[in-house]
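The sequence shown begins at 836 in my numbering and counts up one residue at a time. Take a look at the structure below.
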Amino acid sequence: MTRTLRSLLCAASAAVSSLTAHAQDPQFSQFYANPIYHNPAFAGGSGAGRLIANYRMQWPALDARYRTAAFSFDTYDEDTRVGLGVQAISDWQSTVFQTTQLSGIGSWMLPIMQDNDREARVVFGLQASYIGSRFDPAGMTFADQYAVGGLVNVVSADPLAMGGALSKHSADFSGGILFEHDLGDDKAKYWAGLAVHHIYRSQLRGDWLGQRISGMAGLRIPFTGGRGLWNKGLVHQQNRDRSVSLTTHLRQQGNNLQLDTGFNLTYSPLMVGVWYRGIPIRRLDKTFQNDALIGIVGFQFDRFLVEYSYDITVSPLRFATGGAHELSIWYGLDSLFQFSSTKNRSARRQRRCQHF
């Protein structure tokens, strides 16, 4: 069987399964670079207006590749402690299945402790969405089109092919909560959150999406001191970010349980990271659920961040898929990261831009 035929059959199976069972939401290896998609409580988390663009291409070696694009804007109001955001996401599974989601997001921050530069807060988030899905069998081939010699029938008599394109539209609501604890300037910061997506939509009979429940936590540890070691104080003078961030993201949707965990090492403007996705001790049909090892490189400046990652597939599909490419870009309407003259401006904010 040729690779093209295998790809088409994979696309057909995925599309049909999406109609008869619970589908899964798009995933991002750089989940921390698309924060409001994973938890609405992250809306306004930069403390300033922020534009984010994310693009992912999964399995580029196959004709049945997956592509996802996301665009979002969020901002924060100091007086009301309210964060607001909007997001648009489109996901294409080959040419057969497409999903579009448009969301409005709001968050509210509740300070629970402030002692000099030590702070703790709880943030609540809500999201309302429109979701539209379209299935088009025009790009598929079916079993009755093939014989020993290959493709013999241009048109299929399969009922799924004869039925034409199908569309579905629905409203959706999601919620999340986030706890942040900043131990002080040049000290560790940690956070933990919980989000539930498709609270309303998943209750609809025959819906294509199951409820997605996510837990997330992270720890950022800055490296301080050592002027003589770090270019005779040049690092200190430029207020470079030198830190390591450890982050974990666990999510379940239907029968699918997925873990992302890893670290990012930052010596601004350079950032590099290594991540793992899968459940190494969990078996499904006698196969361990190892998915991918992920390498990340990025650059962050005062108002700008760009990151690229590549997924190295470690599942049994590793020789066929070509992995996955992902690109994330942030642009801030004000300072996002603490550099020299912008440090005091950032420090006055109730919410500072999350470093992952």
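Virtual Cβ for every residue (Gly too), placed ideally from N, Cα, C.
Straight through space, the alpha carbons of D898 and A1000 are spaced by roughly 20 Å. The Cβ atoms of M1051 and T1082 lie closer than 9 Å to each other. Each residue's CA atom was taken as its position, placing S1080 and S991 some 53 Å apart. Pairwise C-beta distances place the stretch 948-958 out of contact with the stretch 966-973, as fewer than three of them are shorter than 8 Å. Around the CB of K1024, 16 or more other CB atoms lie within 10 Å, so the residue is classed as buried. From the listed residues W1026, D909, G967, H1032, the smallest Cα separation to I1056 is found for W1026.
By the Cβ-count criterion, E913 is exposed, with fewer than 16 other Cβ atoms from all chains shown falling within 10 Å of its own Cβ. The C-alpha of I1012 lies about 57 Å from the C-alpha of V983. Straight through space, the alpha carbons of R1112 and R1047 are spaced by roughly 17 Å.
Annotated as proximal: A978 and D993, with beta-carbon spacing under 9 Å. DSSP places I1147 outside any alpha helix (DSSP H); the residue lies instead in the beta strand (DSSP E), whose first and last residues are 1139-1148. Cβ-Cβ distances below 7 Å link D1021 to P1057, T1059 in the same chain, with the five nearest sequence neighbours on each side left out; the list follows chain order.
The continuous alpha helix (DSSP H) containing A996 extends over residues 994-997. Around the Cβ of N988, a 10 Å sphere holds fewer than 16 other Cβ atoms; the residue is exposed. The residue from Q893, N1090, F1134, F908 with its alpha-carbon nearest to that of G1045 is N1090.
The alpha-carbon of Q962 is positioned some 9 Å away from that of N874. The C-beta distance from R916 to G1167 rounds to 19 Å, too long to fall under 8 Å, and the pair is not in contact. The beta carbon of R900 sits closer than 7 Å to those of M892, Q893, W894, S929, all from its chain and outside the five residues before and after it, given in chain order.
Shown here for I887: same chain residues with a beta carbon closer than 6 Å to its own, the five before and five after excluded, namely S907, W1165 in chain order.
The three-state secondary structure of A1155, taken from DSSP, is coil. Within its own chain, the residues whose Cβ lies closer than 6 Å to the Cβ of L1054, once the five positions on either side in sequence are excluded, are Y1025, L1081, listed in chain order.
Between the C-alpha atoms of P861 and T903 there is a straight-line separation of about 7 Å. Closest in alpha carbon position to M997, among T976, Y981, N1099, L1085, is T976. With 16 or more neighbouring CB atoms inside 10 Å of its own CB, H1033 falls in the buried class. The C-alpha of S964 lies about 4 Å from the C-alpha of S938. If you ignore the 5 residues before and after H1016, its C-beta comes within less than 6 Å of the C-beta of A955, Y1025, all in its own chain and listed in chain order. Taking I1131 as reference, the option from N1125, L1162, Y1102 with the minimal CA-CA separation is L1162.
The shortest CA-to-CA distance from E1142 to any of R1153, T1101, L1128 is the one to T1101. In this structure, the straight-line span from the alpha carbon of G1157 to that of Y1145 is close to 10 Å.
Judged by DSSP secondary structure, P870 falls within the alpha helix (DSSP H) whose first and last residues are 870-873. The continuous beta strand (DSSP E) containing P946 extends over residues 932-950. For Y1035, same chain residues with a beta-carbon under 8 Å away, outside a window of 5 residues either side, are A1006, D1007, F1008 in chain order. Per DSSP, the beta-bridge partners of H1016 are A955, Y1025.
In this chain, the beta strand (DSSP E) harbouring D909 covers 901-912. Across the set V1109, R1138, T934, A878, the C-alpha of A878 shows the shortest separation from the C-alpha of M944. Contact annotation: S968 and F932 have beta-carbon atoms nearer than 9 Å.
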